[in-house]
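**Q** Pasting in a structure now, in structure tokens, and then I'll have a few things to ask.
Residue numbers (the numbering used here): 154 to 580.
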């Protein structure tokens, strides 16, 4: 053996196959076949993608994991410990304040909602009757049960319908001279603490702002009732300043006093003849209004043939209505309004006895004809103005298009009124 062979023997040279690599940990642990240990280029790229995804997930977990709390070894406050659990209340003051605020809001929502339901359901209560294993749900008007069932052949059998936590309504029908009765409750948002705070702040800034609970009885009269077209109302004096803001129809009237009515109310009427006729047949109503139990809650009683808001069309509803507006009575005093509501039904029946003087009827008819003419002129004026604006816009557009087709020199000679249009977009 020559020197070359000896050197070769002494230094053994190991040559590995390119695919004879050390298998990864996963392959060694889970017994991946040896053929899979020689990845192709596609499998290598897949491993690279998996590795990058793993690193992304690990980084995301590290980012989302909160840092360990810094525990003060010198803590000397209140501490509760049980086995390996330790609770130190002084370290959670912020969380305690947030939790207390949430609890206060939930409690205010609960009690506010219950208060509104109780106030509304003092008129309508839901009770259960159990008989022969059958549960019957019946809704009846609590304080006004006998009155509504006596006056209507189809009183509401579903109780009050809630629209949210502060609005409730009831519908009844089936009576002579009355097409329907809507009883509508609009209560303060006691369930919403933030709205109550807002209302309180607004009331402190504006002394005329006084949010309150309202209940309105909207009597829609039959279309064949022989009652003249007029507007008349008696309004509590503390409501005179603001009532016309939401009642356009009452702007037709003049405010006066009447000796036959309580001193706490004023009359809003188109003509004195209307007031004299109504007061003549309204003894039960006047007696109910003089009751000191109802006076703090009475707001207004009106008869109208016009809508609440000013119409914007020539054809608009002209239904005759009797509207009774009250401040919502507390649940304990809900029955105090029964005499007044009872008197309203007899009051509606007596309206057919009204006999106005011929000149009063002529004036009422003339006032409505004049308004119809005025409304028609306003609508026609609006149409003419709209047509003129459209015509002017079309004219300017045509002129702009004409100028845009001229040469630069000709555009410079164009009318100065249309120069700004040269750089605008044609629509």
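A virtual CB, placed ideally from N, CA and C, is assigned to each residue, including glycine. These figures come from a predicted structure and were not determined experimentally.
Classify residue 420 as buried or exposed, calling it buried when 16 or more other Cβ atoms lie within 10 Å of its own Cβ.
**A** Buried, since its Cβ has 16 or more Cβ neighbours within 10 Å.
**Q** Around the C-beta of residue 563, are 16 or more other C-beta atoms found within 10 angstroms, so that it is buried, or is it exposed?
**A** Exposed is the call here.
**Q** For residue 358, does the three-state DSSP call read helix, strand or coil?
**A** Residue 358 falls in the helix class under three-state DSSP.
**Q** Considering residue 385, what are the terminal residues of the beta strand (DSSP E) in which it resides?
**A** Where residue 385 is concerned, the enclosing beta strand (DSSP E) stretches over 385-389.
**Q** With a threshold of 16 other CB atoms inside 10 Å of the CB of residue 561, please say whether the residue is buried or exposed.
**A** The residue is exposed, with fewer than 16 neighbouring Cβ atoms inside 10 Å.
**Q** Are there any heavy atoms of the ligand NAP lying less than 7 Å away from the beta-carbon of residue 399, as far as the coordinates show?
**A** Ligands displayed in this structure: none; no statement on the ligand NAP is therefore possible.
**Q** Run through DSSP, which three-state label would residue 485 get?
**A** If DSSP states are grouped into helix, strand and coil, residue 485 belongs with the helices.
**Q** Could you tell me the alpha carbon to alpha carbon distance between residue 491 and residue 465, rounded to whole angstroms?
**A** Whole-angstrom Cα-Cα distance: 38 Å.
**Q** Evaluate residue 409 with the Cβ neighbour count: other Cβ atoms within 10 Å of its Cβ, from every protein chain shown; 16 or more gives buried, anything less gives exposed.
**A** Its Cβ having fewer than 16 others within 10 Å, residue 409 is exposed.
**Q** Just curious, the beta strand (DSSP E) that residue 262 is in, first and last residue?
**A** Taken as a continuous stretch (DSSP letters only), residue 262 belongs to no beta strand (DSSP E), being part of the alpha helix (DSSP H) at 246-274.
**Q** Quick check on the burial criterion: 16 or more other C-beta atoms within 10 angstroms. Buried or exposed for residue 544?
**A** Exposed, since its Cβ has fewer than 16 Cβ neighbours within 10 Å.
**Q** What number of angstroms, rounded off, separates the C-alpha of residue 388 from the C-alpha of residue 488?
**A** Distance between the alpha carbons of residue 388 and residue 488: 22 Å.
**Q** Buried or exposed for residue 210, going by 16 or more other Cβ atoms inside 10 Å?
**A** Result: exposed.
**Q** Pull up the distance between the alpha-carbon of residue 411 and that of residue 305, whole angstroms please.
**A** If I take the Cα positions, the gap works out to 33 Å.
**Q** Please say whether residue 499 and residue 415 have beta carbons closer to each other than 8 Å?
**A** No, these two residues do not count as a Cβ contact at 8 Å.
**Q** Quick check: the Cα distance between residue 541 and residue 555, rounded to an integer number of angstroms?
**A** If I take the Cα positions, the gap works out to 21 Å.
**Q** In whole angstroms, give me the CA-to-CA distance for residue 623 and residue 527.
**A** Residue 623 lies beyond the stretch modelled for the chain, which goes from 154 to 580, so this question has no answer here.
**Q** Round the Cβ separation of residue 481 and residue 338 to the nearest angstrom and send it over; I've been treating them as touching at under 8 Å.
**A** Indeed they touch by this definition, with Cβ atoms about 6 Å apart.
**Q** What residue range does the alpha helix (DSSP H) around residue 555 cover?
**A** Here the alpha helix (DSSP H) through residue 555 covers 511-557.
**Q** Give the secondary structure of residue 301 by DSSP, where H, G and I count as helix, E and B as strand, and everything else as coil.
**A** Here residue 301 sits in helix by DSSP.
**Q** At which residues does the beta strand (DSSP E) containing residue 367 begin and terminate?
**A** 367-374 is the span of the beta strand (DSSP E), which, as asked, contains residue 367.
**Q** So residue 442 and residue 386 are in contact, right, with Cβ under 8 Å, and what is the actual spacing, rounded?
**A** Not confirmed; about 13 Å, so no contact.
**Q** Whole angstroms is fine: what's the gap from residue 439's alpha carbon to residue 353's?
**A** Distance between the alpha carbons of residue 439 and residue 353 is about 35 Å.
**Q** Quick one: using the 10 Å Cβ neighbour count with 16 as the cut-off for buried, is residue 597 buried or exposed?
**A** The shown model of the chain, from 154 to 580, leaves out residue 597, and the question about it has no answer.
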